[in-house]
Amino acid sequence: MQVRFRLTDVAGAALRDPSTFFTFRKVDDNRQVGDQLDVAVDGRAVSFALPASQDVLVCEIDPQRYRFARSPVFFGTPGTSVDETVRLWREPLAWEPRFTPWDDLPRSFAPLQRVLRASPDVTFFDRARPGRLVAPRMVKEAWDGLSGSEATLAKTSLLNLYYRLDSVAEPIGREHTWFSFVKRLLAIGRERVLAMVDPEMLRLVGHVREHLEHFSADYEATPAGNHRPNVPPDLQADIVDMVSLKSTHAKGNFQLTLTRLRGTDDVLLDADIDESGDLLGHLLDIFKHKRTGGTHPHDIHEILVLQDGASQGFDLGYRLV
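Under my numbering, the residues of the sequence shown are numbered 9 to 329, in order.
#1: Do R98 and R125 count as a contact pair if the criterion is CB distance below 9 Å?
#2: Residues bridged to L173 by DSSP?
#3: So R192 packs on V123, CB below 8 Å; how close in whole Å?
#4: Determine the burial state of V251: buried for a count of at least 16 other Cβ atoms within 10 Å of its Cβ, exposed for fewer.
#5: Hey, could you find the ends of the alpha helix (DSSP H) R24 is sitting in?
#6: Return the CA-CA distance between G153 and T256, expressed in angstroms with no decimal places.
#7: Note down the Cα distance separating V18 from P71, rounded to an integer number of angstroms.
#8: Quick check on the DSSP output: what are the complete alpha helix (DSSP H) runs of length 4 or more inside the region 106–137, in order along the chain?
#9: Spell out the partners DSSP gives A279 in its beta bridges.
#10: Where does L101 fall in DSSP's three states?
#11: Return the CA-CA distance between D280 and S157, expressed in angstroms with no decimal places.
#12: Can you give the beta carbon distance from V239 to L276, rounded, assuming they're within the 8 Å contact cut?
#13: Roughly how many whole angstroms lie between the Cα atoms of P105 and K254?
#14: Just the Cα atoms here: how many angstroms apart are P138 and F30?
#15: Please report how far the alpha carbon of V176 lies from the alpha carbon of N261, in whole angstroms.
#16: Output yes or no for whether 9 Å exceeds the beta carbon distance between R14 and V142.
#17: Assuming Q40 is part of the beta strand (DSSP E), what are its boundary residues?
#18: So, using beta-carbon positions, are F132 and A195 closer together than 9 Å?
#19: Per DSSP, D274 is paired with what?
#20: Taking 7 Å as the limit between beta carbons, can you name the residues of its chain near P6, skipping five residues before and five after?
#21: Can you tell me where the alpha helix (DSSP H) with E208 in it begins and where it stops?
#22: Please report the straight-line C-alpha distance between R135 and M9, rounded to a whole angstrom.
#23: When you compare the region 159–174 with the region 309–324, are there three or more beta-carbon pairs, one atom per stretch, that lie closer than 8 Å?
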């Protein structure tokens, strides 16, 4: 029987990979069928000839630069053929972001540039070593010149969060995006952003929390207390209260945790974005993060491209190469 696979990335583009292993197995006992094959995938469909049988089969696909995947199951019936498209996610550590230079960012990034201009001395988010400076001001040459794995991951995460928060309007008046309330950044990391925001954002989040029956299609309540350690040490004594809200995106959901601080009109925002929106998926993510160090921005890139990549004007401010 003939088996043909078209491999694509999350955007639907034909996949190229220097070394992809294909292993066919019987579903009932997991026994391998034939030899494991190593193929250099060049954008064209990959074809195989298998011995016909009455078994139900599956193909394990293990690329070098993409995540492991399995094909849909199929029957090995004599005289039949299989023609499937399999979409693969990038392996995060096999790719690097190539950022759009500051002066070449499209107009859709003007709100982010405004906030960056108003944000002196942004630090890395790091509970163990707080206060380490990213840059005196992340604009122009400083923005373009950020280097090193920690800064690169933080910059990628910031762009992911900016896209998500600037593409979602607050659900009450729907006149402003969530990002429009951000005044200045305090800290950035591979998973989250800390920023000072307009108190109106706290009022809106509180209203949604109090009337969740009207917003349950888009938001759900979530505990804020576990985000308390994320508040910078010099602000811990000024915490008055906290409230947290999570979007209900199936994947790539964002969480907004707002902290009212004593003695200031500003409110602290702790914004993060996860791979999984469902409870089981989130618990699996937590287990995985204990080994990998947390949500990887390249996984979030894949989710955003998968969900919104075909929309007009989609631009994350970087691409993976």
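We put the beta carbon where it would ideally sit given N, CA and C, even for glycine.
The structure says:
#1: no
#2: Under DSSP, L173 forms no beta bridge with any residue.
#3: 6 Å
#4: buried
#5: If you look at R24, you'll find it isn't in any alpha helix (DSSP H); it sits in the beta strand (DSSP E) that goes R24 to K34.
#6: 36 Å
#7: 14 Å
#8: For the region 106–137, whole alpha helix (DSSP H) runs of length 4 or above, ordered along the chain, are 118–125.
#9: The partner list for A279 (beta bridge, DSSP) reads V201 and L264.
#10: helix
#11: 19 Å
#12: 6 Å
#13: Those two C-alpha atoms are separated by around 27 Å.
#14: 46 Å
#15: 11 Å
#16: no
#17: Q40 to D50
#18: yes
#19: Note: D274 sits in no beta bridge, so no partner.
#20: Within the shown structure, residues of the chain are numbered from 9 to 329, placing residue 6 beyond reach of any answer.
#21: P207 to E218
#22: The alpha-carbon of R135 is positioned some 57 Å away from that of M9.
#23: yes
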